[in-house]
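What follows is a set of notes on a single structure, which appears directly below.
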Amino acid sequence: MKKLIISFIFSICTIGNIFCSEIGKRREPIFHYPGYTIESSDNEYKIYKGNPAFSSNLVYTIEFSNKNYKIFKGEDLDTMSTRRVWKQSEIKTNPLFSKMRSTIETAFYGNNVTPVTSVAQAYQFAAEEPGVIVLDMPVYKPCEQGLPADAKVLVTNDGKTTGRYAKARRIIGDEGIDEVELANIARDAVYDSRGKEWISAETIVGLDKKFTARAHLMIPKDHASILYSWIMNFKFFDAAVKEFYNDSLEIPEGDIYIYSDPDYVVPGHPGGLAIFDPAHNCAMILGMRYFGEHKKGTLTLAWSLANRLGYVACHGGMKRYNLDNGKSYTIGVFGLSGSGKSTLTHEKHDGRYDISILHDDAYIINTEDLSSIALEPTYFDKMQDYPVEHPANEFLLTLQNVGVTMDDEGRKVVLAEDVRNNNGRAIKSQFWTENRVNYVDEPVNAIVWLMKDKTLPPILKIDDPVLASTMGATLATRRSTAEKLDAHVDPNALVIEPYANPFRTYPLALDYESYKKLFSECGVECYIMNTGFFLENKVPKEVTLDLLERLVEGTLEFKPFYKYPNLEYVEVPGFEPPFQVREYHHQLHKAFEFRYDYVENLIGHKNELPEEVLEVLKTLM
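Residues in the sequence shown are numbered from 0 upward in steps of one, following numbering that gives the first Met the number 0.
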């Protein structure tokens, strides 16, 4: 490719009769070729397609040193998308660096850090880690995933902590956060762990050329299984991925860097400490072994980056129904782990529809053209519903916090049900869904907030954009076993998790306005589905699926939700709202008041929402 480019440049310059036979001699500052403008200086050419006044038109930069040359796409010194290396003139006063980023990235270059060069090498390191269990369960299509032909499913088990610990998070830039103190902790953590043997790896986050970012993780070799799971959860930066990445859309920011030391306990933080510097795309995870911290830590930074580029972050599932009439229906479902988002996303509906699945956990939506991009190829799924003989287990790659036993043929197999602990997890390969896509260019048709609010019927339609985004911002649900909770926290208590995304680092109002735009300007419909209890009756999966199918087919009959403005519901036998009972309206009032109080308590803080949110909730109270 480089030879073709330089030949092209030589031909342009020769035709223009301005290229010197010896590189480095004086050249004209600007010259033209049909469709192109070339700017020349003593040590470089800049080739623009069209008008050089627009930096976005810069196609290639050729740097000269003596009689050698280097060719770069645009102004990027390495590849497109996020940046890893810099011209020396760009380093000084570069706003992409910070105390935290400098500390973290520097650690990657230590002589005690071994870069992992292949998926197979990562697998070997993980398989040799003390305590890792190599099951007698083969990996499906190992060679297609860069693994040895005889690769097996690996099991890693943690101690008492088997879920994410939100209280451990510290976001630089938030009120009350001391960046200097955290930078001191970070420097000590790196210095104190210099005697360890470390490994590192590169992946990409974002599976379409319109959005992809390179991510780096380093971790002690004794925890190679975490790095291996991380590599398989995202996409290893091999030659094929590098080619894809080189052709991706430029992002004027640095790569993502994550430093993790699961054994380093910071005084005063016995549950771990996760430091995020989202403005500079870096994080440090200390004293935390749970793989979910590393997965969601990476996504936290990627979502923050995507937000700055005009995307809305989505913690949910998305699927496209390709209907018989030549039309399609794309729907996104949003909820915490355990809300049913994965179940609804992967439901095959007995083969009644041609379905394409984007992802069940992490993606982004472009607020201009409504296209959607998946951030990761594989699935981090709960195991409690997948006994050892379940066909989905054919696609297992790694397992975390599960039991192991022997079958009647003497093989080590997974005890998949949550017997050892709650929240047994697995990474399943992309082959689990044959109908998988990484990019959906059709606009999303509907967004569904999955809630576990006992006052709400199985499905509600929201007809007002302000109320639709408000109900997302005040999404009421219950905690799941994917989270580590302090002893005093009631896991069954109703909580609010805006847009089902506890990983947001930027002001909540940005998500509020983005979702409101989808509903007000882009024609996206909004619904609430209650996947928990309605009053005292559990909403079964079958009811939810029936409603989903009828929603897609356009056969649901909505009627006014009593006198509550801009809300409609569907009559479902056994789940009729008792509008004639005063106590029911009292419960509804309390539920909306709960949301109102939540929003009111945000006033004066980072996540303050516009006044219209309180006003629309008042109309329901």
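The beta-carbon is built from N, C-alpha and C at its ideal position, and this holds for glycine as well.
Margin query: According to DSSP, Asn-321 sits in a beta bridge with which residue or residues?
Written below: Here residue 321 corresponds to residue number 322 of the sequence shown, with the count starting at 1. In the DSSP output, where bridge partners are listed per residue, Asn-321 has Ser-327 and Asp-353.
Next item on the list: Using a threshold of 8 Å, state whether the C-beta atoms of Thr-211 and Ser-80 are closer than that.
Entry: To locate residue 211, count along the sequence shown from 1; it is residue 212. To locate residue 80, count along the sequence shown from 1; it is residue 81. Result yes, Cβ atoms of Thr-211 and Ser-80 sit closer than 8 Å.
Check: Is Pro-497 helix, strand or coil when you go by DSSP?
Finding: Taking the sequence shown and counting its residues from 1, the one referred to as residue 497 is at position 498. DSSP places Pro-497 in helix when its eight states are reduced to three.
Checklist line | Secondary structure of Asn-245, DSSP reduced to three states | finding: The sequence position of residue 245 within the sequence shown is 246, counting from 1. Correct three-state label for Asn-245: helix.
Check: How many Å lie between Ala-119 and Leu-216 at the Cα?
Finding: Start at 1 with the first residue of the sequence shown, and residue 119 comes out as number 120. Start at 1 with the first residue of the sequence shown, and residue 216 comes out as number 217. Near 17 Å, if we compare the C-alpha coordinates of Leu-216 and Ala-119.
Notebook entry, point to check: Does DSSP put Ile-250 in a helix, in a strand, or in coil?
Noted result: Here the question's residue 250 lines up with position 251 in the sequence shown. Reduced to three states, the DSSP call for Ile-250 is coil.
Next item on the list: Have a look at Gly-603 and Phe-593 and give me their C-alpha separation to the nearest angstrom.
Entry: Residue 603 sits at position 604 when you count from the first residue of the sequence shown. Residue 593 sits at position 594 when you count from the first residue of the sequence shown. Distance between the alpha carbons of Gly-603 and Phe-593 is about 19 Å.
Notebook entry, point to check: How would you label Ile-90, buried or exposed, when you count the other beta carbons within 10 angstroms and need 16 or more for buried?
Noted result: In the sequence shown, residue 90 corresponds to position 91, counting from 1. Exposed: under 16 other Cβ atoms inside 10 Å.
Next item on the list: Using beta-carbon positions only, say whether His-314 and Ala-361 come within less than 8 Å of one another.
Entry: Taking the first residue of the sequence shown as 1, we reach residue 314 at position 315. Taking the first residue of the sequence shown as 1, we reach residue 361 at position 362. In terms of Cβ geometry, His-314 and Ala-361 form a close pair [threshold 8 Å].
Notebook entry, point to check: Would Gly-553 be called buried (16 or more neighbouring beta carbons within 10 Å of its own) or exposed?
Noted result: Numbered from its first residue, the sequence shown carries residue 553 at position 554. Flag for Gly-553 reads exposed.
Note to self: Can you tell me which residues form a DSSP beta bridge with Met-450?
What the structure shows: Within the sequence shown, residue 450 is the residue found at index 451, counting from 1. Here Met-450 is bridged, per DSSP, to Asn-529.
Next item on the list: Under 6 Å Cβ to Cβ from Ser-247, same chain only, skipping five residues before and after it: list those, please.
Entry: Position 248 of the sequence shown, counting from 1, holds the residue named residue 247. Excluding residues within five positions, the ones whose Cβ falls inside 6 Å are Met-79, Ser-80, Lys-208 and Thr-211.
Margin query: I'd like the list of long-range same chain contacts for Asn-500, defined as Cβ closer than 7 Å, with 5 residues on each side in sequence excluded.
Written below: Against the sequence shown, residue 500 aligns to sequence position 501. Ala-312 and His-314, listed in sequence order.
Next item on the list: Could you name the residues of the same chain whose beta carbon sits closer than 8 Å to that of Lys-605, not counting the 5 residues immediately before and after it, in chain order?
Entry: As a first step, residue 605 is located in the sequence shown; it is residue number 606 there, counting from the start. These residues qualify, in order along the chain: Asp-173, Glu-174, Pro-506 and Leu-507.
Check: Between Ile-458 and Met-405, which are expected to be in contact by the criterion C-beta below 8 Å, what is the C-beta distance as a whole number of angstroms?
Finding: Along the sequence shown, read from residue 1 onward, the residue named residue 458 stands at position 459. Along the sequence shown, read from residue 1 onward, the residue named residue 405 stands at position 406. Contact doesn't hold; Cβ gap of about 46 Å is too wide.
Check: Is it a yes or a no for the region 457–477 touching the region 350–366, going by three-plus beta-carbon pairs under 8 Å?
Finding: no
Check: Beta carbon of Phe-574, beta carbon of Leu-455: below 8 Å?
Finding: Against the sequence shown, residue 574 aligns to sequence position 575. Against the sequence shown, residue 455 aligns to sequence position 456. No, Cβ-Cβ distance for Phe-574 and Leu-455 is not below 8 Å.
Check: Residues bridged to Gly-315 by DSSP?
Finding: Here residue 315 refers to the residue found at position 316 of the sequence shown. Partner(s): Phe-333.
Item checked: Euclidean distance between Cα positions of Phe-557 and Lys-140 -> Position 558 of the sequence shown, counted from the first residue, corresponds to residue 557. Position 141 of the sequence shown, counted from the first residue, corresponds to residue 140. Between Phe-557 and Lys-140, the C-alpha separation is close to 46 Å.
Check: With a CB to CB cut of under 8 Å and the five nearest residues on each side skipped, what residues in its chain are close to Gly-130?
Finding: On the sequence shown, position 131 is the one that residue 130 refers to. Thr-155 and Asn-156.
Check: Comparing alpha-carbon positions, which option in Ala-106, Ser-468, Gly-162 and Asn-421 lies nearest Lys-295?
Finding: Indexing the sequence shown from 1 puts residue 295 at position 296. For the residues Ala-106, Ser-468, Gly-162 and Asn-421, the minimum Cα distance to Lys-295 belongs to Gly-162.
Margin query: Taking the alpha carbon of Leu-396 as the reference point, which residue from Ala-126, Lys-98, Val-332 and Met-99 has its own alpha carbon closest?
Written below: Stepping through the sequence shown from its first residue, residue 396 is reached at position 397. Taking the Cα of Leu-396 as reference, the smallest distance to any Cα among Ala-126, Lys-98, Val-332 and Met-99 is reached at Ala-126.
Notebook entry, point to check: Applying the criterion that 16 or more other CB atoms from any shown protein chain within 10 Å of the CB defines a buried residue, is His-585 buried or exposed?
Noted result: Taking the sequence shown and counting its residues from 1, one reaches residue 585 at position 586. That one is exposed.
Margin query: Considering only the alpha carbon of each residue, which of Ala-278, Val-265 and Leu-226 lies closest to Pro-251?
Written below: In the sequence shown, counting from the first residue as 1, residue 251 sits at position 252. Per the Cα distances, Ala-278.
Notebook entry, point to check: What's the call for Met-620, buried or exposed, on a 16-neighbour Cβ count within 10 Å?
Noted result: Counting from 1 along the sequence shown, the entry for residue 620 is found at position 621. By the 10 Å Cβ count, Met-620 comes out exposed.
Next item on the list: Would you mind giving the Cβ-Cβ distance between Val-542 and Val-571, rounded to the nearest angstrom? I have them listed as a contact below 8 Å.
Entry: Position 543 of the sequence shown holds residue 542. Position 572 of the sequence shown holds residue 571. That pair is a contact at about 6 Å.
Check: Within 10 angstroms of its Cβ, does Arg-100 collect 16 or more other Cβ (buried), or is it exposed?
Finding: For this step, residue 100 is matched to residue 101 along the sequence shown. With 16 or more Cβ atoms within 10 Å of its Cβ, Arg-100 is classed as buried.
Notebook entry, point to check: Leaving out five residues before and five after Lys-411 in sequence, what residues of the same chain have Cβ atoms less than 7 Å from its Cβ?
Noted result: Your numbering for residue 411 matches position 412 in the sequence shown. Same-chain partners within the cutoff: Ile-132, Leu-134, Asp-135, Val-403 and Met-405.
Notebook entry, point to check: If you draw a straight line from the C-alpha of Tyr-227 to the C-alpha of Ala-425, how long is it?
Noted result: Position 228 of the sequence shown, counted from the start, is the residue given in the question as residue 227. Position 426 of the sequence shown, counted from the start, is the residue given in the question as residue 425. Cα-Cα distance, rounded: 13 Å.
Next item on the list: Out of His-588, Thr-377 and Asp-384, state which residue places its alpha-carbon closest to the alpha-carbon of Gln-429.
Entry: Counting from one through the sequence shown, the residue named residue 429 turns up at place 430. Closest by C-alpha distance to Gln-429, out of His-588, Thr-377 and Asp-384, is Thr-377.
Margin query: For Pro-577, which residues in the same chain have their Cβ closer than 7 Å to its Cβ, ignoring the five residues on either side in sequence?
Written below: Counting from 1 along the sequence shown, the entry for residue 577 is found at position 578. Correct list, in chain order: Tyr-583.
Notebook entry, point to check: Should the region 317–329 be called in touch with the region 438–448, which here means at least 3 C-beta pairs below 8 Å?
Noted result: yes
Check: Which residue spans inside the region 358–417 form an unbroken beta strand (DSSP E) run of at least 3?
Finding: 361–365, 371–373, 378–381, 395–399, 402–405 and 411–414
Margin query: Glu-375 and Phe-233 - do their beta-carbons sit closer together than 8 Å?
Written below: Taking the first residue of the sequence shown as position 1, residue 233 is located at position 234. Taking the first residue of the sequence shown as position 1, residue 375 is located at position 376. Against a cut-off of 8 Å, the Cβ pair of Glu-375 and Phe-233 comes out as a contact.
Next item on the list: List the endpoints of the continuous alpha helix (DSSP H) containing Asp-463.
Entry: Residue numbering aside, residue 463 sits at position 464 when the sequence shown is read from its first letter. No alpha helix (DSSP H) contains Asp-463, which DSSP labels as neither H nor E.
Next item on the list: Classify Asn-600 as helix, strand or coil using the three-state DSSP reduction.
Entry: Looking up residue 600 in the sequence shown gives position 601. The answer is coil: DSSP assigns Asn-600 none of H, G, I, E or B.
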